[in-house]
Structures are given as C-alpha cells and as structure tokens.
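Student:
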Amino acid sequence: MKHIKTLATKNLCQSAKNGGCGECQTSCQSACKTSCGIANQKCESKSK
Amino acid sequence: MIHSYKLGGMNIVLDICSGAVHVVDEVAYDIINLYEEHTREEIAALIPTKYKDNPEVTKEEISDCCDQIEELKASGQLFTPDTYEPMADTLKQKTSGVVKALCLHIAHACNLNCSYCFASQGKYHGERAMMSFEVGKQALDFLIANSGTRRNLEVDFFGGEPLMNFDVVKQLVAYARSVEKQAGKNFRFTLTTNGMLIDDDVIDFANRECANVVLSLDGRKEIHDRFRVDYAGNGSWEKIVPKFQRMVEARGGKNYYMRGTFTHANPDFLEDIKVMLDLGFNELSMEPVVCAPGDPSALTEEDLPIVMAQYEKLAELMLERHRAGKPFTFYHYMIDLKGGPCIYKRISGCGSGTEYMAVTPWGDLYPCHQFVGEDKYKLGNVWDGVTNTDAREEFASCNVYAREECRDCWAKLYCSGGCAANAYHATGSIKGVYSYGCELFKKRMECAIMLEAAKLEDDED
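As structure tokens, this is what we get:
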C-alpha cells in the first residue's frame, strides 16, 4: 500500500544552483505592504 | 527538518529544506514523527500498540511504510539537511547591490483620517508634502541607473493618498515610458489608493498603465467606517464601494487587490471577506493591523485564537468556492508549489534597504515605506544615492539565518525571517522577530499548502 503521496514541488536544493536572477517581484510591493512573506511570490526566471 | 500537521482532513508533511510536500496516511504520519528519534525496531514495536484495533496495520505494512520513508530520504525529499546557512551571505549578495523597486511617496497627505494608519494619516509623523515631478523623475533615473541588468522595475505610487497628486503620477509614468525602451527596462506600476478620488480619468489611466492596483476596503460597512473616515468623521464606505466596483469591472476583474485591514474590532475578519465577495470582488487581501501594542486597535492575545480559526475557515471557504466553480484568491494563500521562489529569494527576504527602497516627497531614501521618518535609517537621497552605507549593510546582512529565533523554525524558508519593520517596531532591532506575526504567518502557510494539496487531490479525482 502506498502510504505517502508526494506533490510536485520546486526542488529548493536544485534552485541553489541556478536561481537568483532577481527578476521576481519585490514581495512587499504587490499587495500587503505590512506583513510580507515570500512564499507567495512567482518565479520569473527565464531559465527555470 | 520537517513540519507535520493535520488540517482539512489531511495529514501533511513538509520537508523544509527541499520544499517537498507529502500527503500521508495516519500510519505514515505517526511513523514519520517517530522516525528521527527511534530505530525501525522501536517503530515496529510502538505502532501496533496504537493501531491494535486496525487489522490493516500489519508488521509488513509498517515495514513497507518505513521503506517508503527511507526512499524519500535517500532521494532528498524527506529529512533533508539544512545546507544553506554557509552560503546565506553569498546568496543574498547575489541579489543585493541592485535596486529594482521603489515605493514613491507621491503624497504625504490623505483625504481620510484613519486612526489606525501606520503612516499617521499619511504624514509619517512629519509635515504634509507632495512629491514634485522633478523629485519623482530623479527617483526614476536613480532606479534605472542602479538596477544593473534587471529588466523588470517596479514602482508603486503610494502615500498618503497618491491620487491627491495625480498629475505628477501621470507625468512620471509618461516619463518612464519615454525612457524605458532605450534603457532596456520594463516598468511595472502599481497604485495603492483609498478610492476617494477615483473617477473615469483615474480608471482609464490605471487600466492602461498599472500592472496592479491595491484598493483599500475593510469589508463590512460598520467595520470599514469605524476607522476609515474623512476629517469630518464621515465614513467612506458608501463613497468608495461604487468607485471600486466600476474600476474592477473596467479591469476585467483582474490585476487588483481589494485590501483590507483587520484590527481588534474585527478579528472575525472572514465576515468582511464575505462582504467583499458579495460586492463582486474576487482578488482579496486582508492584513493584520500594524500599530503600537497599546493602541486600542491592536490585536490582543485573546484575539489570536479567533484569528487562527478565521484563517482555517477562510481556507475551507476557498476550497468550497473552488469546487463550486466560483473561486477567489487571497494574497497570502497564493502559493505556487511548482513555480514559487528559488532559495535565493527564500533566504534573502523582501529586499528592503537593498533591492527595495521608499522615496519621500522631498527625495530622501529609506529602506521601505514603514521606515520613513526613522532618522537613523535614512539611507540617502535620489541625487546622491545611498550614503548611509552602515544602514544599507545592516539590511544587506539581514537574511533568514541572521535571526536566532528563526534557526529552528519550520517556516523560515516560507517567510524568510519576516518583515524587518515589524521586527524593528516589536523588538527595536531589524534582526528581531515579531512573534505574534510569526504565529499568524505559520497558520497562513499551513492553510495555503493544505488548500493547494486539496486542489491537486481534486484534480486527480
């Protein structure tokens, strides 16, 4: 029996190798202005 | 590091450092939580005791489940060690040193007199002031000159109420459009407004030029009008709601946020979200108030369990509406598990003081809009650039590993250490943590991930 279902997610370890282009939105800019996190930001890298 | 929780009828396990998300059955949930502290033999002895009335939980099944856990561990999807700390400074530096976003304080004045305003009725504890075109133009030139190879540049027209200085807003957009191509840049404008001055001209302009508009509405009329009043004390709800409805309709119902603030007066903020939905708004954001702890509008410890329950009910409502074909978005639940931020972003945070700065009407630079008026954090100005390099370095060194309290927190790569301004106001240090905000943030993340997991399960069915 399969006990664990793994959802498709971005591999953060892999993103350490090819991330950091900086084109993504500044997190506080988009809506909240007072309590930002970064998890809800979109990646805008062209080479992802 | 893992984080396991039960929500919405699901057992969810997050592998923090790989970003993997697992939906597991009861037995796997229990075994995963025992796994790091116990041997396989101990687990094989402990689990049957709990499941003695369940004939399906056999020795073989327990062993099979342990095998599945070990496979995931071997493939870097469970119990992944944290190897990011040694590279945290380098990672942040890779995204520092260039400025890519400015918050332009077009007007330090407001036509509303909201007592809960973090900007002290738009004046930021200073004098009333309007930004001139010359100052704004210099700010845009500063941004272009300091943006390195970044193509996408963000500019938010903020206040106070930016539409009190709308002519300058229009002139600045026209100037930016006239230079962006040659500079190899793409300006993305946003406008944050209380709605009082929205008219056809504003709607046409915003729909043509602004990638996003942030519209301030607190929900129920009595809640909104409790704080959001004009200088004669009259509520603004009746005036702004029809204007917002026209604007949103003209935008095709997209690229906006209806942004509310909840306070001690309405910890049951889901009722306000329902009012927004009833008014026809579907892209929503609802934020906890930012104010001094003694302020009457400040959220209290007694409010906390109410707010936490509201976040769960909000997720349930969103799932219900999603299944009914009437979805709506909530800013903090917009998590993209496959296409979210890379580890650089997750370690570096919001970029305040490095990638992101606020510009006052007279051209001073601050790390973000919430620091305007804090003299020690004045970074410089749009003519001379950043001259307070100590303050800039303090912000540049502010990554998720710079906060001791965040070290063992499961949410650190989702919040990136949180808001420097909230930390500063709560603890006196930008490297502190605003623990009340942390509790809310963690609950929001649990709800957001559960919501995504439930939608994926629906899609599979």
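Protein chains in written order, with our numbering: chain A, 332 to 379; chain B, 23 to 483. C-beta: ideal position from N, C-alpha, C; glycine also.
Are the CB atoms of isoleucine 128/B and lysine 487/B within a distance shorter than 9 Å?
Tutor: Chain B is shown only over 23 to 483; residue 487/B falls outside these bounds and no answer can be derived.
Student: Who are the neighbours of valine 381/B on chain A, taking C-beta pairs under 7 Å?
Tutor: What valine 381/B touches in chain A: nothing, since even the nearest Cβ is about 13 Å away.
Student: Taking C-beta to C-beta, are isoleucine 91/B and isoleucine 34/B nearer than 9 Å?
Tutor: No, Cβ-Cβ distance for isoleucine 91/B and isoleucine 34/B is not below 9 Å.
Student: Going by DSSP in three states, valine 422/B sits in which element: helix, strand or coil?
Tutor: Looking at valine 422/B - three-state DSSP - the assignment turns out to be helix.
Student: Please check if any C-beta of chain C sits within less than 9 Å of the C-beta of lysine 453/B.
Tutor: Among the chains of the structure shown, chain C does not appear; the protein chains present are A and B.
Student: Whose CA, out of Glu309/B, Met308/B, Asp252/B and Arg230/B, lies closest to the CA of arginine 273/B?
Tutor: Considering only alpha carbons, the answer is Arg230/B.
Student: Would you please state the rounded distance, in angstroms, between the beta carbons of phenylalanine 249/B and tyrosine 138/B? I believe it to be under 8 Å.
Tutor: Contact flag correct, Cβ pair sits at about 5 Å.
Student: Starting from phenylalanine 284/B, trace the beta strand (DSSP E) in both directions and tell me its first and last residue.
Tutor: From DSSP, the beta strand (DSSP E) with phenylalanine 284/B extends over 278 to 284.
Student: Do serine 438/B and glycine 361/B have their C-beta atoms closer together than 9 Å?
Tutor: Contact flag unset, no.
Student: From what residue to what residue does the alpha helix (DSSP H) around valine 329/B run?
Tutor: Segment 325 to 345, the alpha helix (DSSP H) holding valine 329/B.
Student: For histidine 147/B, count the other beta carbons within 10 Å of its own beta carbon; 16 or more makes it buried, fewer makes it exposed. Which is it?
Tutor: Exposed, because fewer than 16 other Cβ atoms sit within 10 Å of the Cβ of histidine 147/B.
Student: For a minimum of 3 consecutive residues, which ranges assigned as the beta strand (DSSP E) are wholly contained in the stretch 167 to 231 of chain B?
Tutor: Counting whole runs of 3 or more residues, the stretch 167 to 231 of chain B contains the beta strand (DSSP E) stretches 174 to 181 and 208 to 215.
Student: If you draw a straight line from the alpha carbon of lysine 379/A to that of threonine 171/B, how long is it in whole angstroms?
Tutor: Low local confidence applies: a pLDDT of 47 at lysine 379/A is under 50, so the model's placement there is unreliable, with the coordinate-based value given in what follows. Near 18 Å, if we compare the C-alpha coordinates of threonine 171/B and lysine 379/A.
Student: Sort Asn55/B, Gly41/B and Ala42/B by Cα distance to tyrosine 27/B and report the nearest one.
Tutor: The candidate whose alpha carbon is nearest that of tyrosine 27/B is Asn55/B.
Student: Looking at the C-beta of methionine 186/B, does it have a partner C-beta in chain A at a distance below 9 Å?
Tutor: No, its Cβ sits nowhere closer than 9 Å to a Cβ of chain A.
Student: Using three-state DSSP, classify cysteine 352/A as helix, strand or coil.
Tutor: It is coil, neither helix nor strand.
Student: Starting from lysine 434/B, follow the alpha helix (DSSP H) in both directions and report where the run begins and ends.
Tutor: Taken as a continuous stretch (DSSP letters only), the alpha helix (DSSP H) holding lysine 434/B covers 434 to 437.
Student: Whose C-alpha, out of Val201/B, Leu213/B and Asn256/B, is nearest the C-alpha of leucine 237/B?
Tutor: Measuring from the Cα of leucine 237/B, the nearest candidate turns out to be Leu213/B.
Student: When the distance is taken between beta carbons, is lysine 122/B closer than 9 Å to serine 154/B?
Tutor: In this structure, lysine 122/B does not lie closer than 9 Å to serine 154/B by Cβ.
Student: Please report the straight-line C-alpha distance between lysine 74/B and glutamate 93/B, rounded to a whole angstrom.
Tutor: Spanning the two alpha carbons is a distance of roughly 27 Å.
Student: Kindly indicate the opening and closing residues of the alpha helix (DSSP H) around leucine 462/B.
Tutor: 457 to 482 is the span of the alpha helix (DSSP H), which, as asked, contains leucine 462/B.
Student: DSSP state of lysine 379/A, grouped into three classes?
Tutor: Any reading at lysine 379/A must be qualified, since the residue scores a pLDDT of 47, below 50, and its modelled position is unreliable; the value itself is stated next. Lysine 379/A falls in the coil class under three-state DSSP.
Student: Would you report the Cα separation of arginine 414/B and valine 120/B, rounded to the nearest angstrom?
Tutor: Approximately 12 Å, taken between the alpha carbons.
Student: So if DSSP puts methionine 125/B in a beta bridge, which residue, or which two residues, is it bridged to?
Tutor: What sits at residue 125/B in the sequence shown is cysteine, not methionine. Asp178/B and Ala380/B, per the DSSP bridge assignment.
Student: Roughly how many angstroms lie between the CA atoms of glycine 351/A and lysine 377/A, to the nearest whole one?
Tutor: Approximately 11 Å, taken between the alpha carbons.
Student: When you compare the CB of lysine 379/A with every CB in chain B, is at least one pair closer than 9 Å?
Tutor: Low confidence applies here, because lysine 379/A scores a pLDDT of 47, under 50, leaving its location unreliable; read the following figure in that light. So, interface residue.
Student: Measure the alpha-carbon distance for isoleucine 24/B versus serine 40/B and round it to whole angstroms.
Tutor: About 10 Å.
Student: Three or more C-beta pairs under 8 Å: does that hold for the stretch 381 to 394 of chain B against the stretch 335 to 350 of chain B?
Tutor: Too few Cβ pairs lie closer than 8 Å, so no.
Student: Buried or exposed for asparagine 349/A, going by 16 or more other Cβ atoms inside 10 Å?
Tutor: Classification for asparagine 349/A: exposed.
Student: Please state whether the Cβ-Cβ distance between glutamate 309/B and glycine 282/B is less than 9 Å.
Tutor: Going by C-beta atoms, glutamate 309/B is nearer than 9 Å to glycine 282/B.
Student: With distance defined between alpha-carbon atoms, name the residue in Met186/B, Pro77/B and Gln99/B nearest to lysine 341/A.
Tutor: It is Gln99/B whose Cα lies nearest to the Cα of lysine 341/A.
Student: Aspartate 290/B to cysteine 428/B, Cα distance in whole Å?
Tutor: Each residue's Cα considered, the two are about 29 Å apart.
Student: Taking aspartate 506/B as the reference, which of Ser200/B, Glu244/B, Arg268/B and Gly241/B has the closest Cα?
Tutor: Residue 506/B is absent from the structure shown; chain B starts at 23 and stops at 483.
Student: So what does DSSP say about valine 46/B, is it helix, strand or coil?
Tutor: Valine 46/B: strand per DSSP, three-state reduction.
Student: Of all the options Glu416/B, Glu64/B and His286/B, which has the alpha carbon lying nearest to the alpha carbon of serine 451/B?
Tutor: Serine 451/B has its Cα closest to that of Glu416/B, out of Glu416/B, Glu64/B and His286/B.
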